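Rendered as structure tokens:
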């Protein structure tokens, strides 16, 4: 007898529907599976057979053929165990075929018939919804994650037996309530801007960078507080919107990094890969591509500490994703696109020993420093809007009683300024000042006569490149937004100059 | 190529035959021409080892010598030997004067006073600023600035002279065509045109430690006074100073704080009797320079008065007063001025565009002299 069950698989961060067909016929007892399967899908036959037996369903020896279609999509992962066993049960007549219509099944089976969680549920369920499917039966551990897709009936099943009982309407499972509304967001950040003492420049620059989502490079000696500051950046970013959350959850779901109890990613990601990271881990990759760190940092912060210690070719790979906000990985079976709109925060030492320009500690020669700084390429620097030095704090600053602003207050300012930005940039289809393309720059950052004169003056004085000048202007636009000023004024440009990218050290240290 | 030039060029370019051997040969035979035509067996008696003998017997290849000489001319380099008119008089008088020189640009005019501005390669910003300041101010009086085109003080001294479009001569320890260190590339290009670059070594000689003391004797030889800006207790600078003393040059030294390692050498010099220099006037007086035609030069220690004249806004004045010659980090300025960070940034950038201050490293600011 023939039966047909719906299931799904992943393609990048998107879902695909897969039809699982089973046919049981007289003949030699074999279990045949076809349909461009990877080895873990092939192994399903043994798991399914044993799980069915241990759940109390008997199989008279017959010729079994299972087909997963469309046949040109490679099927990977263990999520087909459940649909295959349901299709078999239907083919053997345990379940009426009509009961299976328009139900999506996902899940891995263990030998005793329990259903285990799998990764990548959210994109599949989301895709199923778009295809008009309204009912999904999936592992109990994945039910939270799936419940964020609206208008769906989600059943989290713990065992095969439970699924069959449900389908035969012996015993109903309870459908998971949909968490459409945001639960009270637990502001579980234990870090706060107030923890960082002093460092006014660092804080101000960071606030500006976050507001306009400008990439920023910190340069300073070890122990100056670069990493400490970077870790606190998510605390001043606005909370994730529902759409952003879903988008991120899809990525994390595909990457298998989702907390089963939480279900949804609610916090801005902060990713801090070690500098020994491989290209695949950073950008995304693998035979069946999975998102890399840059996609995990989507809508959040990618912090590269010890920026110069990263392999040069890996750093260069960041260039295209930084520009496009997405990364495309091509494989034989097709190309996969992962979103990666993140804010890059990089930190590095000014010289090999780390203490320049403090000549009391630094004994690096000019050529050593030059060689050290050469590791970073100009095209990479061109993609970073802001650059500041960080200095170690003095004793008084470190242990003084000065009151520091807390993250909450800064966040308010950032949110307000971002709102202004979004309103202005909406017609152009972008969200942040850092994304303004150069052709729109003059239109978005209108300059008065005085400001234009100033631009000319600094352009000549500092020998800025066209790109350098554009970056200064973008940062000035963000500063103006923070000050709720409609026009970019001279003072905004002057301040932006302090954060521009320079060829770091033109010489002259302090004693 | 005149006949005489040919013989000099030949004699000073034999591999392995150095100044001392040449001196011995000239003591015996008088002129390079005489050495050239003398019986080889006889000349060989003056050599210390077989290597020199071999090199000597291989050396008389006329086409090669002419070709190599023409190559120099093609690069705009002049070959100057002791029998020429243009050979600087000051050099002729020093002990162990060089036989031949290679020059791009020009020698300092004979009646011009020259000051060598020298010091450590690894200098502080204070040192490099002062070197630039003194070189610039001395140039205003038509004093030539001589130095070694090295990193640090040397380069800044040349740069200061060029700012005032004064004459400046760089003496190299390597071959005349080598640009070392590379960061001084621009100085090299500019000095070739408006000043001079001098070396005792022919094309292609790599910088080697042994060559620098030789160069230092030329620096001392060409100048009337030697100004030591910054030097550690043990420094190559003192080779120049020693040779200057031997040659009877004035020694000037800038005092520094006794805790600064980079000024220990200068302070030692003063202790030993060098002239202590605190303003440009001091040097002019000792060298007996006519000061009438030039308007009074600035003093390093009253640059603040100068800035007052520049009519700074009150806020600018306040920020400016927090700055020193030593670079200061932005946060320290903010804390000292007690103004909002954004305002300090605005003022600092305004001042640096006006050229009053300079950003030495990212977010480190210092006063410009």
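Chains as they are written, first to last, in the numbering used here: chain P, 2 to 512; chain R, 741 to 1109.
Just so you know, even glycine gets a beta-carbon here, dropped at the ideal spot from N, CA and C.
Treat the numbers as computed from the prediction; the structure is a model and nothing was measured.
A Cβ-Cβ separation of about 4 Å places residue 272 of chain P in contact with residue 298 of chain P under the 8 Å criterion.
Per the C-alpha coordinates, the member of R:1076, R:1065 and R:832 positioned closest to residue 1099 of chain R is R:1065.
Excluding its 5 nearest sequence neighbours in each direction, residue 939 of chain R has C-beta neighbours in its own chain below 6 Å: 842, 912 and 916, listed in chain order.
Using a CB distance cut-off of 8 Å, residue 227 of chain P does not count as an interface residue toward chain R. Just so you know, the alpha carbons of residue 312 of chain P and residue 291 of chain P end up roughly 21 Å apart. Sequence-distant Cβ neighbours of residue 141 of chain P in its own chain, meaning closer than 8 Å and more than five residues away, are 116, 118, 157, 158 and 159.
Contact with chain R is found for residue 199 of chain P, since one of that chain's Cβ atoms lies less than 8 Å from the residue's Cβ. Of all alpha-carbon atoms in P:457, P:421 and P:498, the one lying nearest the alpha-carbon of residue 487 of chain P is that of P:421.
A residue is called buried when at least 16 other Cβ atoms come within 10 angstroms of its Cβ; residue 1053 of chain R does not meet this threshold and is exposed. With the rule of 3 Cβ pairs closer than 8 Å, the region 216-223 of chain P counts as touching the region 343-350 of chain P. Per DSSP, residue 978 of chain R lies in no beta strand (DSSP E) segment; the continuous alpha helix (DSSP H) that holds it begins and ends at 977-986. The shortest CA-to-CA distance from residue 393 of chain P to any of P:332, P:167 and P:228 is the one to P:228. For residue 973 of chain R, the nearest beta carbon of chain P is not closer than 8 Å to its own beta carbon.
Where residue 441 of chain P is concerned, the enclosing alpha helix (DSSP H) starts and stops at 439-445. Residues 858, 887 and 888 of the same chain have their beta carbon placed closer than 7 Å to that of residue 894 of chain R, with the five preceding and five following residues left out of the count. For residue 10 of chain P, no CB of chain R lies under 8 Å from its own CB, so it is not counted at the interface with that chain. Per DSSP, residue 5 of chain P lies in no alpha helix (DSSP H); the unbroken beta strand (DSSP E) holding it starts and ends at 3-12.
In the displayed model, residue 93 of chain P falls within coil according to three-state DSSP, outside both helix and strand. Listed in chain order, the alpha helix (DSSP H) elements of length 4 or more contained wholly in the region 301-378 of chain P are 313-318, 320-325 and 367-374. Contact between the region 280-290 of chain P and the region 318-333 of chain P is established, with three or more Cβ pairs separated by less than 8 Å. The DSSP assignment places 136-140 as complete runs of the beta strand (DSSP E) inside the region 109-157 of chain P, in order along the chain (cut-off: 3 residues).
Short of 7 Å from the beta carbon of residue 944 of chain R, and not among the five residues preceding or following it, lie these beta carbons of its own chain, in chain order: 915 and 917. Within the region 1079-1092 of chain R, contact with chain P at the beta-carbon level (separation under 9 Å) is assigned to 1080, 1081, 1082, 1083, 1084, 1085, 1086, 1087, 1088, 1089, 1090 and 1092. DSSP places residue 909 of chain R inside the beta strand (DSSP E), whose first and last residues are 908-915. Between the alpha carbons of residue 1083 of chain R and residue 496 of chain P lies a distance of about 8 Å. Look at residue 1103 of chain R: its C-beta is under 8 Å from a C-beta on chain P. Interface residue (Cβ-Cβ distance to chain R less than 8 Å): residue 350 of chain P is not classified as such. For residue 871 of chain R, the enclosing alpha helix (DSSP H) has its first and last residue at 865-879. Per DSSP, the unbroken alpha helix (DSSP H) holding residue 412 of chain P starts and ends at 408-426. In this structure, DSSP gives residue 801 of chain R a state outside helix and strand, which the three-state scheme calls coil. Taking 8 Å as the CB threshold, residue 492 of chain P lines the interface with chain R.
One thing to note: residue 367 of chain P has its Cβ within 8 Å of the Cβ of residue 891 of chain R. In the three-state reduction of the DSSP assignment, residue 71 of chain P falls in the coil class, being assigned neither a helical nor a strand state. In this structure, DSSP gives residue 1105 of chain R an extended state, which the three-state scheme calls strand. Under the Cβ distance rule, residue 1069 of chain R counts among the residues neighbouring chain P, one pair being separated by less than 8 Å. Annotated three-state conformation of residue 23 of chain P is strand, per DSSP.
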